[in-house]
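Colleague: Residue numbers (the UniProt record's numbering): 1 to 175. We put the beta carbon where it would ideally sit given N, CA and C, even for glycine. What you are looking at is a predicted structure, and each value in this text was computed from that prediction instead of being measured.
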């Protein structure tokens with residue numbers, strides 16, 4: 001992997017832009033009920049849906065300078081996706097999804113916290129939102145850990161999701 005492709009690094013994670021042929025990775029990430037139970041559609045993704053999302057991420061990156069990135073472990077293994085992109089072309093939205101074998105290791109919190117720092121350092125906007133299925137308490141804990149505050153719920157694909165926001169003023173002080 002060339003350094004030029006690296007968007008962001010944390011102690012255990014590397015964020016890189018996708019490659020054109022990565023639709024199979026995206027489809028594999030969202031190939032089980034466990035990994036899609038809280039996503040729109042609530043069912044495993046087809047290769048066609050993965051290809052559509054991948055095209056969308058390329059378009060977002062070109063237009064907005066940010067998207068959902070490919071997430072690699074420090075050894076180069078694909079572990080998921082994470083990033084900040086515009087939700088319905090309006091507000092920036094933090095989102096992430098990890099492979100099942102990466103769950104419960106603090107990687108979502110590490111990714112979300114690093115993305116928040118990166119977002120505010122780049123001054124992309126004064127803040128961003130995130131939302132989760134109301135039953136996705138693990139993701140809600142991650143968002144609270146990085147300093148996000150709950151706000152009015154948001155309707156996403158017919159589900160009233162728990163919504164959060166974070167502004168630069170709300171960010172916990174770094175020690």
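Who are the Cβ neighbours of residue 43 in its own chain at under 7 Å, not counting the five residues just before and after it?
Modeller: Start at 1 with the first residue of the chain shown, and residue 43 comes out as number 43. Correct list, in chain order: 36.
Colleague: Let's test the definition: count the other Cβ atoms within 10 Å of the Cβ of residue 45 and tell me whether it reaches 16, buried, or not, exposed.
Modeller: Along the chain shown, one-based indexing puts residue 45 at 45. Classification of residue 45: buried, given that the 10 Å Cβ count is 16 or more.
Colleague: Taking buried to mean at least 16 other C-beta atoms within 10 Å of its own C-beta, is residue 70 buried or exposed?
Modeller: Translated into the one-based positions of the chain shown, residue 70 becomes position 70. So residue 70 ends up on the buried side.
Colleague: If you count every other CB in all the chains shown that lies within 10 Å of the CB of residue 140, and 16 or more means buried, which is it?
Modeller: What you label residue 140 is simply residue 140 of the chain shown in a count that begins at 1. Result: buried.
Colleague: Residue ranges of each beta strand (DSSP E) run of no fewer than 3 residues wholly in the stretch 83 to 147, ordered along the chain?
Modeller: Correct list: 91 to 98 and 127 to 132.
Colleague: Between the beta-carbon of residue 128 and the beta-carbon of residue 156, is there less than 8 Å?
Modeller: In the chain shown, residue 128 corresponds to position 128, counting from 1. In the chain shown, residue 156 corresponds to position 156, counting from 1. No. Outside cutoff.
Colleague: Which residues mark the beginning and the end of the beta strand (DSSP E) in which residue 150 is found?
Modeller: For this step, residue 150 is matched to residue 150 along the chain shown. It spans 149 to 156 - the beta strand (DSSP E) in which residue 150 sits, taken as one unbroken run.
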